[in-house]
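Structure first, then comments.
Number of protein chains: 2
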Amino acid sequence: MSDATTDRSVPLWGMFELRLSGPTGGNPFKDVSLVATFTQAGRSLKATGFYDGEGRYCVRFMPDAMGQWRYRTESNESALDGVTGVFDVGQAAESNHGPVRVANTFHFKYADGTRYTNIGTTAYVWNLQGEAMEQQTLATLANAPFTKIRMCVFPKHYRYNQNEPELYPFPLLKRGESQWPASSPVPGWEFDFERFEPAYFRHLEKRINDLAALGVEADLILFHPYDRWGFSRMRPEQDDRYLRYLVSRLAAFPNVWWSMANEYDFMSTKSPADWNRFIDIVCETDPHGHLLSVHNGFAPFDYNHPKITHVSIQRPYTERSALWRQQFGKPVSVDECCYEGDISEAWGDISAQELVHRFWNGVVNGGYVTHGETYYNNAEELWWAKGGSLRGDSVARIAFLRRVMEAGPAEGLDPMSNTGHYQILMAGGLDLITLPQLMAPPPGEEGWTRVGANFATAGQAHRYYLSYFGTNQPGEVAASVPPSERYRATLIDTWDMTETEIATNVERGQLLHFPAKPYQALLLRRIDA
Amino acid sequence: MSDATTDRSVPLWGMFELRLSGPTGGNPFKDVSLVATFTQAGRSLKATGFYDGEGRYCVRFMPDAMGQWRYRTESNESALDGVTGVFDVGQAAESNHGPVRVANTFHFKYADGTRYTNIGTTAYVWNLQGEAMEQQTLATLANAPFTKIRMCVFPKHYRYNQNEPELYPFPLLKRGESQWPASSPVPGWEFDFERFEPAYFRHLEKRINDLAALGVEADLILFHPYDRWGFSRMRPEQDDRYLRYLVSRLAAFPNVWWSMANEYDFMSTKSPADWNRFIDIVCETDPHGHLLSVHNGFAPFDYNHPKITHVSIQRPYTERSALWRQQFGKPVSVDECCYEGDISEAWGDISAQELVHRFWNGVVNGGYVTHGETYYNNAEELWWAKGGSLRGDSVARIAFLRRVMEAGPAEGLDPMSNTGHYQILMAGGLDLITLPQLMAPPPGEEGWTRVGANFATAGQAHRYYLSYFGTNQPGEVAASVPPSERYRATLIDTWDMTETEIATNVERGQLLHFPAKPYQALLLRRIDA
């Protein structure tokens, strides 16, 4: 017995959705199990279904290969059990490159091989601000350089975040009807953490699709400490059920990343064992292997955890990206390095110049950096939390940096020499590097005599070398390129957003002279190969 | 038998000089011992004499108390032995405040109690550039804010330092006449490290006196690695004899500080035991207890050494001064934090803005910072090595900072709260501070509720709070002052050098608003006490 639509066609990385009718009695969120096995060419993947309210059950699946797929459900409810079907998967939609994956160890690309440049922004609860402002955020993103947005599933309670969302992820019960104490915005009512509010999640899904249409990945934050509703203080089995429900609903969206927490170490209600269990649950429930990380407050998570795909770190000194790459062997995304703004909090009041500086420091050390903006306004609509519009001066410079990156090697930029270590050292990392490391010849360049370039350089050997000088302002630099190769030298003003060719046919050791000015970069591109 | 002038009068902290005639045969620098004991009111101090060439022997002494002093010499030469005399010590000369001493654990003052604000500059061998340029340096210093200059006894060999000095500290011998191999600038000749060239030291003394007349302390560097003459590679007994000779000559100059080395850890010819022996020799030979430290390259010296009076450290992150104060319990002078300039070396090409930023970061963390300038010119006359003239934009801002400091508490500025720790943390020091330390109430302010001020503040409790925001640009700050006190708030633009009163009668927790801009500081001065 089956009410499934069969023989449908779904594009590659599109969403196949199996909709079934089932029981409404009891608590379907807890009582009903539903899982479907999808098979193709001897390969099978399991996707967990979820209850969408009003007797609707659903299993979603994002096929990662073209051709015919078959499925079969299992459930403890006979109406949902043993449902089978077949569907065809054709060419991907033009705008859908599939989920983003790790590539070349330290970088990312879409599943179809298209280049993905990870340039994030932050608007934690932009999706809970009502239609008008959410549309404004989408319009802003359409004209911004960002390819990722850090955003929460749960609403946020914090300074400048006092408004209530229109919906909540859990239904409200009259006080005393729920066995779990929790606060709620409605006197006499409290949240029922044993059920979900499907409309809340449908709205989230709509916004994730809106982001996909703009080419923006949703770096979804599953837990965070900034809470007045009790969502950070649920019981372990409620946390786990929430994760399974969320991932069952969202894993088939190609542009979703899992961020287990914002500032996991500030959540006193969770232990290290909780975080490891959460990671396991998300990975078990997600058949599609989306990117996964854990964002920290002070203490970085152990990114060596085998299920963590990339380093999502909070630190202002983005120049240590080269060391974190070495330490963890994964892509480094500095997902919080303070925000451009003018509020009194030190994490929310750096200058545009400083934020752009941190972007460049991350990039020339082989990392990626995420933006945020916290200019105060009387409506308390700060981009970092609520989205809306951007007024800062860093965005245009970040767009310029993105253009520079995307005109460079498709493989991404890797630290090119140990000179970055000196930069790291000068920035405070003496305790992170030994003197022999510092003095050693650049990796892969052991045969060279070192030319005194004490700034960080990233690129691809024998082709592309991008150096950034930051608050240093040399007026002379010796070209640090391999012998017997020729390069074109371009001086980049990272603030004024200019690129000036200063020399061509540049050879190893050749002295380049240019006006001394802070925040410049030098690009050497091979011309004889 | 004595040819001493007796019954002379010397001003307090002036130089009493006992000149004696003695043997010229053999090697008087090695063969003749001479020491004088100076006594007053039951207290006695020993000053070692030195040979000044041409049969002249000399003992110098800087009396630190008024009234009648007596002396008596001891020597292995009868002509110099048992010489006695008496002299009176009167009021100090108006411009002589005596040597600089440590005061209030973390600060400095002159022996007469006058305020001393430690604001150094760097011109390693300005005293070896010939009369015209040396006079130019003195004229520059006369109009500069600097109260200290870091300078070497020995000449310097380095990039931009290829010129020969007019004199050398050791006489030249025809090759083969000295038993010690050394290189020399004259083919066929080599240095005789068994003798000294008194004229070299007399010139140094003249320049130290010139500095004294300008109110500038000479932070004399006794050894350094940048050497083509062999002065860094003498035998241990030659090193030791050099130190005794130098200190015998110079200890009676009030404005001398002993810096055992520039970048001691880059001197592969010296061991840790050598440095400890050098410190002992200098302290034994100096009856006046001048300030003493050891400047590092990468690895800081152990400033807990009981004979080291202050931390003289090389590090770009001056904001760690608060931690170094805690670690060593001594004044912190960040004597190298990179120089304003445009050369290709990363230590010599930071922007004026960045150097001024490092000055302020040091000061609001209870430390002191030293300047240097390395703009290239065709004559290769870079201030940092040769002195001459200054063209940078930091000097005027450093002068402004000095005025701010000197209008503040005479005791100096001490870190006022743990908010500095947050600043340090954000600058890369997470590994240096524990979370409980970070979260602890400010020392001495345990009874307070913390107001979220995440920037460094220094001052004196209940009187004066100076906060610096750096690349942060808050437009709102809550006044973090004790309850029931009233303050005047002044906004300081550290780059534009303006001070704007923005509020008076400011109370604890009061929100102050001002234009958001990087590199501003906020000063709160008590008005009701």
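The listed protein sequences derive, respectively, from chains A and B.
The end of the first sequence is residue 836 by this note's numbering, with every number in the run present.
The end of the second sequence is residue 836 by this note's numbering, with every number in the run present.
Glycine included, every Cβ here is placed at the ideal spot set by N, Cα and C.
- Assignment of residue 337 (chain A) by DSSP, reduced to helix, strand and coil, places it in the helix class.
- Proximity of chain B to residue 779 (chain A) at the Cβ level (cut-off 7 Å) is accounted for by 653, 656, 657, in chain order.
- When the five nearest sequence neighbours on each side are left out, the beta carbons in the same chain lying within less than 7 Å of the beta carbon of residue 574 (chain A) are those of 530, 532, 539, 568, in order along the chain.
- Think of a sphere of 8 Å around the beta carbon of residue 683 (chain B): the chain A residues whose beta carbon falls inside it are 782, 783, in chain order.
- When the beta-carbon positions are compared, residue 339 (chain A) and residue 384 (chain A) come within less than 8 Å of each other.
- No Cβ of chain A is located within less than 8 Å of the beta carbon of residue 398 (chain B).
- Per DSSP, the continuous beta strand (DSSP E) segment holding residue 364 (chain A) begins and ends at 363-368.
- Straight-line spacing of the CA atoms in residue 410 (chain A) and residue 802 (chain A) works out to 30 Å.
- DSSP lists B:527 as the bridge partner or partners of residue 458 (chain B).
- Nearest Cα to residue 465 (chain A) within the set A:415, A:498, A:453, A:534: A:534.
- The Cβ atoms of residue 832 (chain A) and residue 788 (chain A) lie no closer than 8 Å to each other.
- Within its own chain, the residues whose Cβ lies closer than 8 Å to the Cβ of residue 691 (chain A), once the five positions on either side in sequence are excluded, are 429, 430, 431, 646, 648, 655, 679, 680, 681, listed in chain order.
- In this structure residue 834 (chain B) is exposed. Its beta-carbon is surrounded by fewer than 16 other beta-carbon atoms within 10 angstroms.
- For the C-beta of residue 469 (chain A), not a single chain B residue is nearer than 7 Å; the gap to the nearest is close to 17 Å.
- In this structure, the straight-line span from the alpha carbon of residue 505 (chain B) to that of residue 625 (chain A) is close to 54 Å.
- With fewer than 16 other CB atoms across the displayed protein chains lying within 10 angstroms of its CB, residue 578 (chain B) is exposed.
- For the region 631-654 of chain A, the beta-carbon criterion of a distance under 7 Å to any beta-carbon of chain B is satisfied by 649, 650, 651, 652, 653.
- Between residue 797 (chain B) and residue 808 (chain B), the gap from beta carbon to beta carbon is short of 8 Å.
- Counting only residues of its own chain and dropping the five nearest sequence neighbours on each side, residue 595 (chain B) has a CB closer than 6 Å to the CB of 369, 558.
- No Cβ of chain B is located within less than 8 Å of the beta carbon of residue 629 (chain A).
- Of the residues assessed, residue 572 (chain A) falls on the buried side of the cut-off, its CB having 16 or more other CB atoms within 10 angstroms.
- Straight through space, the alpha carbons of residue 605 (chain B) and residue 776 (chain B) are spaced by roughly 28 Å.
- Of the candidates B:805, B:824, B:804, B:673, the residue whose Cα lies closest to the Cα of residue 773 (chain B) is B:673.
- Between residue 661 (chain A) and chain B, the shortest Cβ-Cβ separation is below 8 Å.
- Between residue 823 (chain B) and chain A, the shortest Cβ-Cβ separation is below 8 Å.
- Closer than 8 Å to the CB of residue 762 (chain B) there is at least one CB belonging to chain A.
- The criterion of a C-beta distance shorter than 8 Å is not satisfied by residue 527 (chain A) and residue 555 (chain A).
- Residue ranges of uninterrupted alpha helix (DSSP H) with 4 or more members, entirely inside the region 672-727 of chain B and ordered along the chain, are 690-693, 701-713.
- Here the C-alpha atom of residue 602 (chain B) lies approximately 18 Å from the C-alpha atom of residue 414 (chain B).
- Each of A:684, A:395, A:781, A:419 was checked against the Cα of residue 401 (chain A), and the nearest Cα belongs to A:419.
- With contacts defined by Cβ atoms closer than 8 Å, residue 617 (chain B) and residue 826 (chain B) do not form a contacting pair.
- Between the beta-carbon of residue 456 (chain A) and that of residue 553 (chain A) there is about 17 Å, and that puts the pair past the 8 Å contact cut.
- Assigned with DSSP and collapsed to three states, residue 555 (chain B) falls in helix.
- Contact check for residue 443 (chain B) against residue 696 (chain B) passes: the beta carbons are separated by less than 8 Å.
- Residue pairing from DSSP places residue 347 (chain B) in a beta bridge opposite B:350.
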